[in-house]
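In what follows, a structure is listed as C-alpha coordinates, so that the remarks can point back to it.
Numbering (the numbering used here), first residue to last: 965 to 1212.
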(Lines of atoms letter the chains of each structure in order from A and count residues from 1; the text may use other names and numbers.)
(Lines give C-alpha, C1' and ligand atoms only; values in the text may rest on other atoms or scores of the structure.)
Protein backbone atom coordinates (compact mmCIF):
# COMPACT_ATOMS: atom_id res chain seq x y z
CA UNK A 1 0.00 0.00 0.00
CA UNK A 2 1.39 3.38 -0.99
CA UNK A 3 0.84 6.49 1.12
CA UNK A 4 1.15 10.11 0.08
CA UNK A 5 3.54 12.17 2.13
CA UNK A 6 1.83 13.62 5.18
CA UNK A 7 3.00 17.15 4.34
CA UNK A 8 1.51 16.84 0.85
CA UNK A 9 -1.88 15.86 2.27
CA UNK A 10 -1.75 18.66 4.84
CA UNK A 11 -0.87 21.20 2.14
CA UNK A 12 -3.87 20.11 0.09
CA UNK A 13 -6.24 20.26 3.06
CA UNK A 14 -4.95 23.71 3.95
CA UNK A 15 -5.40 24.88 0.35
CA UNK A 16 -8.99 23.62 0.24
CA UNK A 17 -9.91 25.22 3.56
CA UNK A 18 -8.21 28.58 3.18
CA UNK A 19 -8.59 29.21 -0.55
CA UNK A 20 -11.92 27.54 -1.29
CA UNK A 21 -13.76 27.68 2.02
CA UNK A 22 -14.02 23.91 2.41
CA UNK A 23 -15.64 23.06 5.73
CA UNK A 24 -15.69 19.27 5.58
CA UNK A 25 -13.54 16.56 4.00
CA UNK A 26 -14.35 12.92 3.34
CA UNK A 27 -11.21 10.79 3.09
CA UNK A 28 -11.86 8.35 0.22
CA UNK A 29 -9.61 5.49 1.32
CA UNK A 30 -10.49 1.94 2.29
CA UNK A 31 -8.92 2.00 5.77
CA UNK A 32 -7.90 5.44 7.00
CA UNK A 33 -6.13 4.14 10.12
CA UNK A 34 -4.31 1.27 8.42
CA UNK A 35 -0.93 2.79 9.31
CA UNK A 36 -1.17 4.19 12.84
CA UNK A 37 2.00 6.32 12.73
CA UNK A 38 0.80 7.95 9.51
CA UNK A 39 -2.62 8.73 10.99
CA UNK A 40 -1.04 10.23 14.11
CA UNK A 41 1.29 12.42 12.04
CA UNK A 42 -1.61 13.64 9.90
CA UNK A 43 -3.80 14.48 12.89
CA UNK A 44 -0.96 16.21 14.72
CA UNK A 45 -0.22 18.17 11.55
CA UNK A 46 -3.82 19.39 11.34
CA UNK A 47 -3.65 20.53 14.96
CA UNK A 48 -0.21 22.12 14.61
CA UNK A 49 -1.26 24.10 11.53
CA UNK A 50 -4.55 25.01 13.22
CA UNK A 51 -6.60 23.90 10.24
CA UNK A 52 -10.27 24.25 11.15
CA UNK A 53 -12.07 21.52 9.23
CA UNK A 54 -14.44 18.67 9.99
CA UNK A 55 -13.72 15.34 8.40
CA UNK A 56 -14.82 11.73 8.28
CA UNK A 57 -13.20 8.51 7.17
CA UNK A 58 -13.68 4.74 6.83
CA UNK A 59 -11.75 2.23 8.91
CA UNK A 60 -11.68 -1.30 10.36
CA UNK A 61 -12.46 -2.24 13.94
CA UNK A 62 -9.02 -3.84 14.34
CA UNK A 63 -7.21 -0.66 13.29
CA UNK A 64 -8.27 1.73 16.07
CA UNK A 65 -7.65 2.27 19.76
CA UNK A 66 -8.93 4.81 22.28
CA UNK A 67 -5.82 7.01 22.22
CA UNK A 68 -5.86 7.23 18.43
CA UNK A 69 -9.58 7.97 18.29
CA UNK A 70 -9.23 10.79 20.81
CA UNK A 71 -6.49 12.37 18.72
CA UNK A 72 -8.55 12.01 15.53
CA UNK A 73 -11.55 13.63 17.20
CA UNK A 74 -9.43 16.55 18.43
CA UNK A 75 -8.16 17.00 14.87
CA UNK A 76 -11.69 17.33 13.52
CA UNK A 77 -12.91 13.77 12.83
CA UNK A 78 -16.62 13.74 13.64
CA UNK A 79 -17.68 10.47 12.01
CA UNK A 80 -16.17 7.04 11.39
CA UNK A 81 -17.52 4.46 8.96
CA UNK A 82 -16.93 0.80 9.84
CA UNK A 83 -17.23 -2.21 7.53
CA UNK A 84 -18.93 -4.56 10.00
CA UNK A 85 -20.58 -6.93 7.49
CA UNK A 86 -22.47 -9.28 9.82
CA UNK A 87 -23.78 -9.85 13.31
CA UNK A 88 -22.81 -13.53 13.16
CA UNK A 89 -19.34 -14.78 14.05
CA UNK A 90 -19.82 -17.76 11.73
CA UNK A 91 -20.43 -15.47 8.75
CA UNK A 92 -17.51 -13.19 9.66
CA UNK A 93 -15.23 -16.23 9.74
CA UNK A 94 -16.46 -17.33 6.31
CA UNK A 95 -15.69 -13.84 5.03
CA UNK A 96 -12.18 -14.09 6.50
CA UNK A 97 -12.61 -10.71 8.20
CA UNK A 98 -10.30 -11.73 11.06
CA UNK A 99 -12.43 -9.87 13.57
CA UNK A 100 -14.83 -10.87 16.34
CA UNK A 101 -18.18 -9.45 17.41
CA UNK A 102 -16.48 -8.40 20.63
CA UNK A 103 -13.93 -6.37 18.68
CA UNK A 104 -16.77 -4.70 16.79
CA UNK A 105 -18.55 -3.70 19.99
CA UNK A 106 -15.31 -2.41 21.51
CA UNK A 107 -14.28 -0.28 18.51
CA UNK A 108 -17.72 1.23 17.95
CA UNK A 109 -18.05 1.90 21.68
CA UNK A 110 -14.68 3.69 21.80
CA UNK A 111 -15.59 5.90 18.85
CA UNK A 112 -18.87 6.82 20.52
CA UNK A 113 -17.09 7.45 23.82
CA UNK A 114 -14.84 10.13 22.31
CA UNK A 115 -17.83 11.84 20.70
CA UNK A 116 -17.77 10.55 17.13
CA UNK A 117 -20.78 9.52 15.13
CA UNK A 118 -20.60 5.95 13.89
CA UNK A 119 -21.79 4.34 10.67
CA UNK A 120 -21.85 0.58 10.12
CA UNK A 121 -22.05 -1.26 6.80
CA UNK A 122 -23.60 -4.72 6.67
CA UNK A 123 -23.98 -7.40 3.97
CA UNK A 124 -27.09 -9.58 3.92
CA UNK A 125 -27.16 -12.82 1.98
CA UNK A 126 -23.65 -14.22 2.26
CA UNK A 127 -22.91 -17.93 1.82
CA UNK A 128 -24.70 -20.00 4.51
CA UNK A 129 -26.93 -17.03 5.38
CA UNK A 130 -30.46 -17.81 6.56
CA UNK A 131 -33.42 -16.02 8.10
CA UNK A 132 -32.02 -16.38 11.63
CA UNK A 133 -28.57 -15.04 10.76
CA UNK A 134 -30.05 -12.08 8.87
CA UNK A 135 -32.19 -11.27 11.90
CA UNK A 136 -29.09 -11.59 14.12
CA UNK A 137 -27.34 -8.96 12.01
CA UNK A 138 -30.29 -6.57 12.27
CA UNK A 139 -30.44 -7.02 16.06
CA UNK A 140 -26.67 -6.62 16.40
CA UNK A 141 -26.78 -3.34 14.46
CA UNK A 142 -29.48 -2.09 16.84
CA UNK A 143 -27.44 -3.20 19.86
CA UNK A 144 -24.44 -1.17 18.64
CA UNK A 145 -26.62 1.98 18.63
CA UNK A 146 -25.00 3.26 15.43
CA UNK A 147 -25.91 6.70 14.15
CA UNK A 148 -26.44 5.14 10.73
CA UNK A 149 -26.65 1.54 9.54
CA UNK A 150 -26.30 0.70 5.86
CA UNK A 151 -27.45 -2.69 4.60
CA UNK A 152 -26.55 -4.24 1.25
CA UNK A 153 -27.54 -7.45 -0.48
CA UNK A 154 -24.38 -9.45 -1.12
CA UNK A 155 -23.24 -9.92 -4.72
CA UNK A 156 -20.60 -12.63 -5.33
CA UNK A 157 -18.35 -10.77 -7.75
CA UNK A 158 -15.97 -12.80 -9.87
CA UNK A 159 -12.94 -14.31 -8.12
CA UNK A 160 -13.78 -12.87 -4.72
CA UNK A 161 -13.87 -15.17 -1.70
CA UNK A 162 -17.65 -14.77 -1.74
CA UNK A 163 -17.78 -15.94 -5.37
CA UNK A 164 -15.46 -18.90 -4.85
CA UNK A 165 -17.44 -20.11 -1.83
CA UNK A 166 -20.74 -19.77 -3.69
CA UNK A 167 -19.36 -21.78 -6.63
CA UNK A 168 -17.93 -24.41 -4.28
CA UNK A 169 -21.33 -24.84 -2.62
CA UNK A 170 -23.08 -25.04 -6.00
CA UNK A 171 -25.03 -21.84 -5.36
CA UNK A 172 -24.01 -20.11 -8.61
CA UNK A 173 -22.68 -21.15 -12.00
CA UNK A 174 -18.87 -20.91 -12.20
CA UNK A 175 -19.16 -19.61 -15.77
CA UNK A 176 -21.71 -16.89 -15.03
CA UNK A 177 -19.37 -13.89 -14.90
CA UNK A 178 -17.17 -14.82 -17.91
CA UNK A 179 -20.30 -15.42 -19.99
CA UNK A 180 -21.91 -12.21 -18.73
CA UNK A 181 -18.84 -10.16 -19.67
CA UNK A 182 -18.88 -11.70 -23.17
CA UNK A 183 -22.54 -10.80 -23.54
CA UNK A 184 -23.68 -14.41 -23.62
CA UNK A 185 -25.82 -14.02 -20.51
CA UNK A 186 -28.13 -11.21 -19.49
CA UNK A 187 -30.03 -12.91 -16.67
CA UNK A 188 -29.37 -11.34 -13.26
CA UNK A 189 -27.34 -13.30 -10.74
CA UNK A 190 -29.77 -14.56 -8.08
CA UNK A 191 -29.34 -13.50 -4.47
CA UNK A 192 -28.33 -16.33 -2.15
CA UNK A 193 -31.20 -15.99 0.33
CA UNK A 194 -34.93 -16.33 -0.39
CA UNK A 195 -36.93 -13.08 -0.33
CA UNK A 196 -33.73 -11.03 -0.32
CA UNK A 197 -35.46 -7.73 -1.13
CA UNK A 198 -37.93 -8.25 1.71
CA UNK A 199 -35.09 -8.87 4.15
CA UNK A 200 -33.38 -5.68 3.00
CA UNK A 201 -36.57 -3.71 3.47
CA UNK A 202 -37.08 -5.23 6.90
CA UNK A 203 -33.52 -4.37 7.95
CA UNK A 204 -34.03 -0.69 7.18
CA UNK A 205 -37.52 -0.58 8.69
CA UNK A 206 -36.51 -2.36 11.89
CA UNK A 207 -33.47 -0.18 12.36
CA UNK A 208 -34.75 3.29 11.51
CA UNK A 209 -38.44 3.17 12.50
CA UNK A 210 -37.72 2.72 16.20
CA UNK A 211 -38.82 5.31 18.79
CA UNK A 212 -35.38 5.03 20.45
CA UNK A 213 -33.57 5.81 17.21
CA UNK A 214 -35.92 8.65 16.23
CA UNK A 215 -35.53 10.27 19.66
CA UNK A 216 -31.75 9.93 19.40
CA UNK A 217 -31.71 11.73 16.06
CA UNK A 218 -33.94 14.49 17.39
CA UNK A 219 -31.62 15.00 20.37
CA UNK A 220 -28.53 15.24 18.18
CA UNK A 221 -29.92 17.85 15.76
CA UNK A 222 -27.94 21.04 16.31
CA UNK A 223 -28.65 23.11 13.20
CA UNK A 224 -31.20 23.67 10.41
CA UNK A 225 -28.89 21.64 8.16
CA UNK A 226 -29.16 18.65 10.53
CA UNK A 227 -32.94 18.98 10.47
CA UNK A 228 -33.03 19.08 6.66
CA UNK A 229 -30.72 16.06 6.36
CA UNK A 230 -32.90 14.04 8.75
CA UNK A 231 -36.09 15.02 6.95
CA UNK A 232 -34.62 14.06 3.57
CA UNK A 233 -33.32 10.72 4.87
CA UNK A 234 -36.58 9.89 6.63
CA UNK A 235 -38.69 10.85 3.61
CA UNK A 236 -36.51 8.76 1.33
CA UNK A 237 -36.92 5.66 3.52
CA UNK A 238 -40.67 6.17 3.79
CA UNK A 239 -41.13 6.67 0.04
CA UNK A 240 -39.05 3.58 -0.69
CA UNK A 241 -41.20 1.53 1.67
CA UNK A 242 -44.44 2.81 0.10
CA UNK A 243 -43.16 2.18 -3.43
CA UNK A 244 -42.19 -1.41 -2.62
CA UNK A 245 -45.58 -2.09 -1.06
CA UNK A 246 -47.32 -0.93 -4.24
CA UNK A 247 -45.03 -3.11 -6.34
CA UNK A 248 -45.95 -6.26 -4.42
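Glycine is no exception: its CB is placed at the ideal position from the N, C-alpha and C atoms.
Please report the straight-line C-alpha distance between residue i and residue j, rounded to a whole angstrom.
i: residue 1175; j: residue 1184; result: 14 Å
i: residue 986; j: residue 992; result: 16 Å
i: residue 999; j: residue 1146; result: 40 Å
i: residue 979; j: residue 1132; result: 51 Å
i: residue 1027; j: residue 1128; result: 27 Å
i: residue 1105; j: residue 972; result: 37 Å
i: residue 1045; j: residue 1124; result: 22 Å
i: residue 1003; j: residue 1061; result: 22 Å
i: residue 965; j: residue 1022; result: 16 Å
i: residue 1072; j: residue 967; result: 26 Å
i: residue 1110; j: residue 1119; result: 24 Å
i: residue 1102; j: residue 1171; result: 7 Å
i: residue 1005; j: residue 1078; result: 19 Å
i: residue 1135; j: residue 1025; result: 30 Å
i: residue 1100; j: residue 1140; result: 31 Å
i: residue 1138; j: residue 984; result: 50 Å
i: residue 1065; j: residue 1050; result: 9 Å
i: residue 1047; j: residue 1069; result: 13 Å
In three-state terms, what does DSSP make of residue i?
i: residue 1099; result: helix
i: residue 1085; result: strand
i: residue 1006; result: helix
i: residue 1055; result: helix
i: residue 1047; result: strand
i: residue 1021; result: strand
i: residue 989; result: strand
Might you give, ordered along the chain, the residues of its own chain that have their beta carbon closer than 6 Å to the beta carbon of residue i, omitting 5 neighbours on each side?
i: residue 988; result: 1018
i: residue 1033; result: 1074, 1075 and 1078
i: residue 974; result: 1009
i: residue 1108; result: 1072
Note down, in chain order, each residue of its chain lying with its Cβ closer than 7 Å to the Cβ of residue i, except the 5 sequence neighbours on either side.
i: residue 1097; result: 1052 and 1055
i: residue 1067; result: 1025 and 1026
i: residue 1015; result: 977, 978 and 981
i: residue 996; result: 1003, 1021, 1022 and 1023
i: residue 1164; result: 1088, 1115 and 1117
Between which residues of its own chain and residue i is the CB-CB distance below 8 Å, once the five residues before and five after are set aside?
i: residue 1142; result: 1122
i: residue 1063; result: 1024, 1025, 1026 and 1056
i: residue 1030; result: 1074, 1077 and 1078
i: residue 970; result: 1002, 1005, 1006 and 1009
Open item on the list: Assess contact between the stretch 1005-1012 and the stretch 1037-1051, defined as three or more Cβ pairs (one per stretch) separated by less than 8 Å. Is contact present?
Closed with: yes
TODO: Check whether the stretch 1156-1163 touches the stretch 1092-1100, counting contact only when three or more Cβ pairs, one atom from each stretch, lie closer than 8 Å.
DONE: yes
Open item on the list: Please give the ranges of any alpha helix (DSSP H) in the stretch 1092-1165, keeping only runs that are unbroken, at least 4 residues long and fully inside the region.
Closed with: 1095-1108, 1125-1132 and 1140-1145
TODO: Could you say if the stretch 1081-1089 and the stretch 1106-1121 meet the contact criterion of at least three C-beta pairs nearer than 8 Å?
DONE: yes
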